[in-house]
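Chemist: Numbering (the working numbering), first residue to last: 22 to 113.
Beta carbons: idealized from backbone N, C-alpha and C, even for Gly.
Only a predicted model underlies this, so the values are computations on that prediction, with no experimental measurement involved.
1) Quick check: the Cα distance between residue 102 and residue 38, rounded to an integer number of angstroms?
2) By the DSSP assignment, the alpha helix (DSSP H) with residue 23 in it spans what residues?
3) When burial is assigned at 16 or more other CB atoms within 10 Å of the CB, is residue 82 buried or exposed?
4) Let's test the definition: count the other Cβ atoms within 10 Å of the Cβ of residue 30 and tell me whether it reaches 16, buried, or not, exposed.
5) Buried or exposed for residue 24, going by 16 or more other Cβ atoms inside 10 Å?
Now the structure itself:
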């Protein structure tokens, strides 16, 4: 359970890094693009999108830990469904 809390905090930290601190080198694929392809990408909007996605994932993991500590059972399936849907949304 503590591992999930730490992972959630790491996701939020990475979200801040990409969204606010402009650590765009952490965005997979962007770092290896040629300069001409990088010129066609609006990296500020991409960074904001990826950062907000990481905030959301981190917040959901922290909420999951809090609900587990409060004794709420059967959260694994909704969590898996949420991650599956949100990941497909990001990939599209």
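Modeler: Reading it off the structure:
1) By one-based count along the chain shown, residue 102 stands at place 81. By one-based count along the chain shown, residue 38 stands at place 17. Each residue's Cα considered, the two are about 27 Å apart.
2) As a first step, residue 23 is located in the chain shown; it is residue number 2 there, counting from the start. Counted as a single uninterrupted DSSP element, the alpha helix (DSSP H) harbouring residue 23 occupies residues 23–40.
3) Position 61 of the chain shown, counting from 1, holds the residue named residue 82. It counts as buried.
4) Against the chain shown, residue 30 aligns to sequence position 9. So residue 30 ends up on the exposed side.
5) On the chain shown, position 3 is the one that residue 24 refers to. Label assigned to residue 24: exposed.
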